[in-house]
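The listed protein sequences derive, respectively, from chains A and B.
Throughout the first sequence, residue numbering follows my numbering, covering 237 to 673 in sequence.
Throughout the second sequence, residue numbering follows my numbering, covering 1309 to 1534 in sequence.
Glycine is no exception: its CB is placed at the ideal position from the N, C-alpha and C atoms.
These notes concern the structure reproduced below.
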Amino acid sequence: MNLRRLIGREILHRKLSFGIAVATIATSVAGLVAVVALLGAHDLRTSEMLMRMNKETSSMEEKFTKEMKVYEDSVRKTMKGLGFNIFIFPEGQELGEVYTQGFASKTMPESYTAKLAESKIVTVNHLLPSLTRKLKWPEKERTVILIGIRGEVPIAHRDPKKPLIDPVQKGRIVLGHELHRSLDLQEGNSTMFMGREFIIEKCHRERGTKDDITIWMHLDECQELLEEEGRINAIKALECNCASIDRLGEIRREIAGILPGTKVIETESKALARAEARNKAKKHTQGAIASKKAEAIKLKTDREQLRFEDEQKYTALLTVVIFGTMAWVAFLAFANSRDRQAEIGILRAMGASTNSILAILMGRAFLVGLFGTGVTILVAFLLSDSLKDPLHGYEIKSLRGHIPLVFLFVPLLSCAASWLPALQAANRDPATILRNE
Amino acid sequence: MSEVTLRATNVQKTFAGPKGSSVTAVNDMSLEIASGEFVAMGGSSGCGKSTILLIAGGLLRPDQGELEIMGTRPYEVDSTRRASIRSQYIGFVFQQFHLVPYLDALDNVLAPTLARSLPDAEDKAMALLEKFGLTERRHHVPSALSVGEQQRVALARALLLEPKLLLADEPTGNLDPENTDSILDHLVAFAKEGGAVLMVTHDDLAANRASRSIRMEKGSIVESVS
């Protein structure tokens, strides 16, 4: 007779009690496996979602790169045929000043326009001399920008071109929106400006720029009013073009050869607008990609948060299950040892030590843990394939590396739960047991 | 000259009763049993017979007095050593048999080997089963055995480790005359073979089979007849 035989026979004898204890442990282990599997499934689902999102982003980027390349080629081809606008400012003019106040303070002879028009310049198309000043409209006590314009100066060596901007007739002015609105002036009205009467030829619609406080008039009249006869402070050249890539450089070189010392800057043009549109398109698409990437990051964060919450929830649940199981196993162990009082008493009377009795009871508890774990692991592995889909591809079989640990940990837990009832039973006074039996 | 197997000297045991009262189960009792002696102990219920049996078996520490079993004093050693003394020198037989319900007859007889290993234990157990006419019943669990058979299994179990002292608490109390005779025959035989038997019994016929009969009253021996 040995312990194993005794424990084995007792288990066979009390199958129901053993079965209930095993089922309890199995439930607990199933809870553990379920938690690990659910968290694993969550991770897989997260990876899957992130992978899909990253794939979508990559695909968007790839598509965008291709489209932008095609678009840029198209823009480049289009731009080759487009001109752009430049301003020519007087010699010695600080460009910083132009940028801050919007016009040049220095002036240059108006004859520069004619000189340029009569030259062999090929890179410049339409020439528009102008004189601009910011001043107070004395009759209306309003600060305005006064621009004197003449319209296009024909380039002598070419066929006359259709003027791009209609000149303002002498004795007439054109008003910006803010001016005619606030002063209640309308087209056809006459008004005094710097002591001279003008007919309002046109009232512009609102542009939201300094044009809204601008007065346009004929260059000659402007020069007279400002006592700048024969002087201008800018020549605007529209739809300039050249074949080389460094178009502005080429134009500057050509103008420098004719009007030494003048300063040339590029200003808004169709080409620039188109480039800007292209940049906006690029920015918009990049924004969409960035948004997609941000969405992926948010998804990852949300999923991590959800996992954290699930983990906490499952841990709490599992703790309750484990403690519940231990309590129930302890109760079953107590019931078992109570059922076996007479047996324990007689074994003690025959000379079995407390440790032998403990070994019998703890051996049974260990087997309860072992069988409970075995049953759950076996069932879980058998169901692994069927549960793969509901678990987003997670395979319970992948837990096989943890099995030895579970097979060690759970029986020990079962022993721990049975320890006190076993100790109490082993230490009961055999004389008391035998007298009572 | 016969060796003293059990010596109890001025043994006293008192149990706490209800509401602070106490009951003296064994009162300054002295008893010696030599090897080869079969002592029957009688007396009315509650006179302390079973208590002295438990004290003699090293299971119940007396409040006073000394006890020696084969020259060793079980209450002067720790519980592990006391358990070892029990397995070495003492065999128990109870009125209720106290067989392990899920073990068959053979395994029940072998149960004491959980306490002390014994060479060729299974052969010896089989020999005992044969001696008690239980060979055919060796694979039956107690519930499948008659009460007489159960008591014989219990006796075989008590004898497996070749004890020097057999303590029997009303071993024939539940048995019919035929089985009673059989058990008593075996107890007598054990004594003849050099063992010592202390049997508690109410049955005068059973007591008559003993070499000495003692009667207890209120925890003390009031009569001893050889």
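Asked                                                                                                                                                                  : Found
Can you name, in chain order, every residue of its own chain whose Cβ lies under 6 Å from the Cβ of B:VAL1401, other than the five neighbours on each side?            : ALA1462, LEU1463, ALA1466, ALA1476, PRO1479
Kindly indicate if chain B contains any beta-carbon less than 8 Å away from that of A:LEU583.                                                                          : yes
Beta carbons nearer than 9 Å to chain A: which residues of the segment 1478-1510 of chain B have them?                                                                 : none
Three or more beta-carbon pairs under 8 Å between the segment 1443-1450 of chain B and the segment 1410-1424 of chain B, yes or no?                                    : yes
Quick one: is B:GLY1379 near chain A, going by C-beta distance under 8 Å?                                                                                              : no
So with Cβ pairs under 8 Å, would you call B:VAL1530 a contact of chain A?                                                                                             : no
Could you give the C-beta distance for B:GLY1503 and B:LYS1472, rounded to a whole number, given that I count them as a contact under 8 Å?                             : 6 Å
CA-CA distance, B:ARG1369 and B:ARG1445?                                                                                                                               : 38 Å
What's the gap between the Cα of B:GLY1325 and the Cα of B:VAL1331?                                                                                                    : 6 Å
Output, in chain order, the set of chain A residues within a Cβ distance shorter than 9 Å of B:PRO1420.                                                                : MET237, LEU583, MET586, GLY587, ALA588
Taking 7 Å as the cut-off, is the C-beta of A:LEU623 nearer than that to any heavy atom in the ligand NAD?                                                             : Only the bare structure without any ligand can be found here, which leaves the ligand NAD out of the picture.
Can you pull the chain B residues whose beta carbon is under 8 Å from the beta carbon of A:PRO666, in chain order?                                                     : LEU1367
Just the Cα atoms here: how many angstroms apart are A:ASN290 and A:VAL258?                                                                                            : 47 Å
Can you check whether the C-beta of B:ASP1415 is within less than 8 Å of a C-beta belonging to chain C?                                                                : Within the model displayed, chain C is absent; protein chains A and B are what it includes.
In terms of alpha-carbon separation, which member of B:LEU1436, B:LEU1437, B:LEU1483, B:GLU1384 lies closest to B:HIS1510?                                             : B:LEU1483
For the segment 554-579 of chain A, which residues have a beta carbon sitting closer than 7 Å to at least one beta carbon of chain B?                                  : ALA578, GLU579
State the Cα-Cα distance for the pair A:TYR307 and A:THR343, rounded to the nearest angstrom.                                                                          : 42 Å
Listing by chain order, which chain A residues have their CB less than 9 Å from the CB of B:THR1388?                                                                   : SER589, THR590, ASN591
For B:GLU1311, which residues of its own chain have a beta-carbon under 6 Å away from its beta-carbon, when the five flanking residues on both sides are left out?     : SER1343
Using DSSP bridges, identify the partner residues of A:PHE321.                                                                                                         : In the sequence on display, residue 321 of chain A carries Asn and not Phe. A:ASN321 pairs with A:THR503.
Using a Cβ-Cβ cut-off of 8 Å (strictly less than) and excluding sequence neighbours within five positions of A:SER592, which residues of its own chain qualify?        : LEU239, LEU583
Give the straight-line distance between the Cα atoms of A:GLY560 and A:SER264, rounded to the nearest whole angstrom.                                                  : 9 Å
Less than 8 Å between the C-beta atoms of A:LEU331 and A:ILE471, yes or no?                                                                                            : no
Spatial neighbours of A:ALA595 within its chain, please: CB distance less than 7 Å, with the 5 preceding and 5 following residues excluded, ordered by chain position. : LEU239
With distances taken between CB atoms, is the gap from B:ALA1316 to B:LEU1362 smaller than 8 Å?                                                                        : no
With respect to the alpha helix (DSSP H) encompassing A:ILE582, which residues constitute its N-terminal and C-terminal limits?                                        : 577-585
Taking the beta carbon of A:ASN672 as the centre, do at least 16 other beta carbons fall within 10 Å, making it buried, or is it exposed?                              : exposed
Please list the partners that B:VAL1408 has in chain A, where partner means a Cβ-to-Cβ separation under 7 Å.                                                           : GLU579
Locate the alpha helix (DSSP H) running through B:VAL1334, then write down its first and last residues.                                                                : No alpha helix (DSSP H) contains B:VAL1334, which is instead part of the beta strand (DSSP E) from 1330-1342.
Is the shortest distance between the beta-carbon of B:PHE1402 and the beta-carbons of chain A less than 8 Å?                                                           : yes
Determine, for B:ALA1316, whether the minimum Cβ-Cβ distance to residues of chain A falls below 8 Å.                                                                   : no
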